[in-house]
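Quick note on my numbering: the sequence shown kicks off at 13 and runs consecutively.
Note that CB positions come from ideal geometry on N, CA and C, so glycine has one too.
To start, the structure under review is shown below, and the notes come after it.
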Amino acid sequence: MSPLLSVSDLRVGFGRNPQANEVVRGVSFDLADGETLAIVGESGSGKSVTALSINRLIDFGGGRITGGAMKLKRADGSLFDLMTATEPQLTGIRGAEIGMIFQEPMTSLNPVLTIGSQIEESFRLHRGLTGRQATAAAKDALDRVRIPDAARRLKYTPNQLSGGMLQRVMIAIALACNPRLLIADEPTTALDVTVQAQIMALLAELKRETGMSMIFITHDIGLVAGIADKVMVMQNGQAVEQGELNQILDNAQHPYTQHLLQDVPHFTNGSTTRSDGRRDKGASTEPALKVDGLVVRFPLKSSFLSRATGAVHAVDGVDFDLMPGETLAIVGESGSGKSTTARAVLGLVRSTRGSFSVGARKASAEQSALPVQMVFQNPYASLNPRLSIESILAEPVIATGGRVDAEAKARMASLLERVGLPKNSLERYPHEFSGGQRQRLCIARALMLNPSVVVLDEAVSALDVSVQAKVLELLVDLQREFGLAYLFISHDMAVVERIAHRIAVIYAGQIVEIGDATSVLSKPKHSYTKKLIAAVPTIDRRHEHFELDTRQVPSLVRPQGFEPAPARWEQFGRDHMARAEA
Numbered sequence: 013m014s015p016l017l018s019v020s021d022l023r024v025g026f027g028r029n030p031q032a033n034e035v036v037r038g039v040s041f042d043l044a045d046g047e048t049l050a051i052v053g054e055s056g057s058g059k060s061v062t063a064l065s066i067n068r069l070i071d072f073g074g075g076r077i078t079g080g081a082m083k084l085k086r087a088d089g090s091l092f093d094l095m096t097a098t099e100p101q102l103t104g105i106r107g108a109e110i111g112m113i114f115q116e117p118m119t120s121l122n123p124v125l126t127i128g129s130q131i132e133e134s135f136r137l138h139r140g141l142t143g144r145q146a147t148a149a150a151k152d153a154l155d156r157v158r159i160p161d162a163a164r165r166l167k168y169t170p171n172q173l174s175g176g177m178l179q180r181v182m183i184a185i186a187l188a189c190n191p192r193l194l195i196a197d198e199p200t201t202a203l204d205v206t207v208q209a210q211i212m213a214l215l216a217e218l219k220r221e222t223g224m225s226m227i228f229i230t231h232d233i234g235l236v237a238g239i240a241d242k243v244m245v246m247q248n249g250q251a252v253e254q255g256e257l258n259q260i261l262d263n264a265q266h267p268y269t270q271h272l273l274q275d276v277p278h279f280t281n282g283s284t285t286r287s288d289g290r291r292d293k294g295a296s297t298e299p300a301l302k303v304d305g306l307v308v309r310f311p312l313k314s315s316f317l318s319r320a321t322g323a324v325h326a327v328d329g330v331d332f333d334l335m336p337g338e339t340l341a342i343v344g345e346s347g348s349g350k351s352t353t354a355r356a357v358l359g360l361v362r363s364t365r366g367s368f369s370v371g372a373r374k375a376s377a378e379q380s381a382l383p384v385q386m387v388f389q390n391p392y393a394s395l396n397p398r399l400s401i402e403s404i405l406a407e408p409v410i411a412t413g414g415r416v417d418a419e420a421k422a423r424m425a426s427l428l429e430r431v432g433l434p435k436n437s438l439e440r441y442p443h444e445f446s447g448g449q450r451q452r453l454c455i456a457r458a459l460m461l462n463p464s465v466v467v468l469d470e471a472v473s474a475l476d477v478s479v480q481a482k483v484l485e486l487l488v489d490l491q492r493e494f495g496l497a498y499l500f501i502s503h504d505m506a507v508v509e510r511i512a513h514r515i516a517v518i519y520a521g522q523i524v525e526i527g528d529a530t531s532v533l534s535k536p537k538h539s540y541t542k543k544l545i546a547a548v549p550t551i552d553r554r555h556e557h558f559e560l561d562t563r564q565v566p567s568l569v570r571p572q573g574f575e576p577a578p579a580r581w582e583q584f585g586r587d588h589m590a591r592a593e594a
């Protein structure tokens, strides 16, 4: 029986001479009806270019297919040659027989058009529906991807929906015309781990309902265990290994595949947490950072007379302390208040109430407390592309009134060497470094003022898993060497398990569980903590599908004058507490 899709010796290049600049070289695979192929590799491996070549969207991205063959079996059994097809012929195939989900829904959807009009476009183009028929079909498409209150959401624009909801809209558009093949290009990379679990559950359920085939592109080999039938591993534009899922995960032959599997965070429910640097139960050391009653609210005003009508309770009464040499991980989904908490400590967000102290220094809610430094999530956005690395490292020194003298330059060279970068990096610019190297530069910049506390806001979430592992290892080494206290912001429990001594779980602006990392991960008490842990992808989940949950995070908007009820805490050990649930 012929496969649904057959790709043979695919070659793709860029530039004026694409044959000399090939980024995909000799890729071949077959995909059967109802089968899921996961294409796995790090950034730059050629996996996304391969995916975009199948429906010839690479033609619009500056690429050119320089060789090979691609044939698609259509619903009537005839073979369609994707290589020689004209653009009008391909327009009839895209959406109707090959659906596509892109990585970043905010850049894939038109920000000025309603969700409904963008879904209706598929029905108008491929099915000839108009007016109420198209609107009804769009509503059915949203219902299909389990978006609640679909009729009302059709009138929303993309900025009114969360990242997870937007990705569901993208899936609705991709599946609108029941394609026989769905290409999902890193569809969960930009999402929280819980939202990622829901998208994976949704894709698995829709695949069972429709019987479609799927090509799933990812850099996380641990993510494919729950959905893939076959795996193809790519490196430097070539398929270095491919085979059945269990064969690849249990008996990988190529060194690169083994390397990817080794670097995947293996979540062990707290059995492999750090044993070094734990707080001494009898010590009287002053905390490196202490936060008391932190409240951050953003007022909402009516258009009439600009009267305050309520407030967004982003952070509501957060308390914690952080000892020298310790890592406290603050874990939660987007919108939970974890990053707002970190920014309030740094003075980047004005707090409504509360106080915090760094060592012996006490600061009000309106002051920034030094010495606290921050490493941001996106190393591409947090480094000025116009400045040399020397100028970037000099910024914190100049900003605090210091001079860039011989001593400062010697510290720059020392820190670059310590984070694993050559000394000649000082004369170079950010675009000359990879993502992992840029994050190392951000870490070096944060250490220029010799801080006692470093806030790491999703500092490894934008990196490939192998790069992520190396950066986490570097952070642990630097902590041991300099006695740093880390406030580690994350949504991923598997990453947290590698680095944290203690964990605070935050939900809807409030800490709901806090304690020793081993205790929290092995014996979680709050339902939200259990939900975060259940959402962690692992290579041990062979076709174990996540449970589909359509419940939404409650709104943080409160009426004017609202104050939450005092928290009731339950103690589960010397250093493990959870907020009592109703």
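Asked                                                                                                                                         : Found
I need the DSSP call for G322, collapsed to helix, strand or coil.                                                                            : strand
Is V19 buried or exposed, if buried means 16 or more other CB atoms sit within 10 Å of its CB?                                                : buried
Using the C-alpha atoms, what's the distance from E47 back to E221?                                                                           : 13 Å
Can you give the Cα-Cα distance for G79 and V61, rounded to whole angstroms?                                                                  : 14 Å
How many Å lie between I195 and L203 at the Cα?                                                                                               : 18 Å
Please report the distance separating the alpha-carbon of G329 from that of R286.                                                             : 29 Å
Output the distance between the C-alpha atoms of G128 and I227, rounded to the nearest integer angstrom.                                      : 26 Å
Kindly indicate which three-state DSSP category E109 falls into: helix, strand or coil?                                                       : coil
Within this structure, are the beta carbons of L496 and V472 separated by less than 9 Å?                                                      : no
Determine whether the beta carbon atoms of L453 and V488 lie at a separation below 9 Å.                                                       : no
With three or more C-beta pairs closer than 8 Å as the rule, is the stretch 123-143 touching the stretch 179-191?                             : yes
Report the rounded CA-to-CA distance for I545 versus M244, giving the unit in angstroms.                                                      : 28 Å
How big is the Cα-Cα spacing for R23 and G74?                                                                                                 : 14 Å
If V387 sits next to D504, beta carbons under 8 Å apart, how far is it from one beta carbon to the other, in whole angstroms?                 : The pair is not a contact, with the Cβ atoms about 16 Å apart (cut-off 8 Å).
Per DSSP, D304 forms a beta bridge with which residues?                                                                                       : S367
Give me the residue from L499, V324, L69 and G58 with the minimum Cα distance to Q385.                                                        : L499
Under DSSP, the beta strand (DSSP E) around V384 begins and ends at which residues?                                                           : V384 to V387
By the DSSP assignment, the alpha helix (DSSP H) with R355 in it spans what residues?                                                         : K350 to L358
Going by DSSP, which residues form a beta bridge with E217?                                                                                   : Partner(s): none; E217 has no beta bridge.
Helix, strand or coil for I229? Go by DSSP, reduced to three states.                                                                          : strand
Quick check on A87: buried or exposed, where buried means 16 or more other Cβ atoms within 10 Å of its Cβ?                                    : exposed
Measuring alpha carbon to alpha carbon, tell me which of L438, L173 and L102 ends up nearest L121.                                            : L173
Anyone know if the C-beta pair for T277 and Q480 falls short of 9 Å?                                                                          : Before going further, note that residue 277 is Pro rather than Thr in the sequence given. In contact: P277 and Q480 (Cβ atoms closer than 9 Å).
Measuring alpha carbon to alpha carbon, tell me which of Q247, I501 and I183 ends up nearest R156.                                            : I183
Following the continuous alpha helix (DSSP H) through P595, name the residue where it begins and the one where it ends.                       : Because the chain spans 13 through 594 in this model, residue 595 falls outside it and cannot be assessed.
Going by DSSP, what residues sit across from G282 in a beta bridge?                                                                           : Bridge partners of G282: none, in fact.
For the beta strand (DSSP E) that V243 lies in, which residues bound it at each end?                                                          : K242 to Q247
If you scan the stretch 378-450 from start to end, which runs of the alpha helix (DSSP H) of 4 or more residues do you find wholly inside it? : 401-411 and 418-430
Quick check on E54: buried or exposed, where buried means 16 or more other Cβ atoms within 10 Å of its Cβ?                                    : buried
At 4 residues or longer, and completely inside the stretch 142-228: list those alpha helix (DSSP H) runs for me, N to C.                      : 143-156, 162-165, 175-186 and 205-222
Taking only beta-carbon positions, decide if F310 is within less than 9 Å of chain C.                                                         : Protein chain content of the structure displayed is limited to a single chain, and chain C is not contained in it.
Locate the alpha helix (DSSP H) running through F135, then write down its first and last residues.                                            : I127 to R139
Can you look up A529 in the DSSP assignment and give me helix, strand or coil?                                                                : helix
Extract the residue ranges of the beta strand (DSSP E) inside the stretch 26-57, only unbroken runs of 3 or more that lie entirely within it. : 34-43 and 48-52
Does the stretch 571-578 come within contact of the stretch 230-247, defined as at least 3 CB pairs closer than 8 Å?                          : no
Please state whether DSSP places R510 in a helix, a strand or coil.                                                                           : helix
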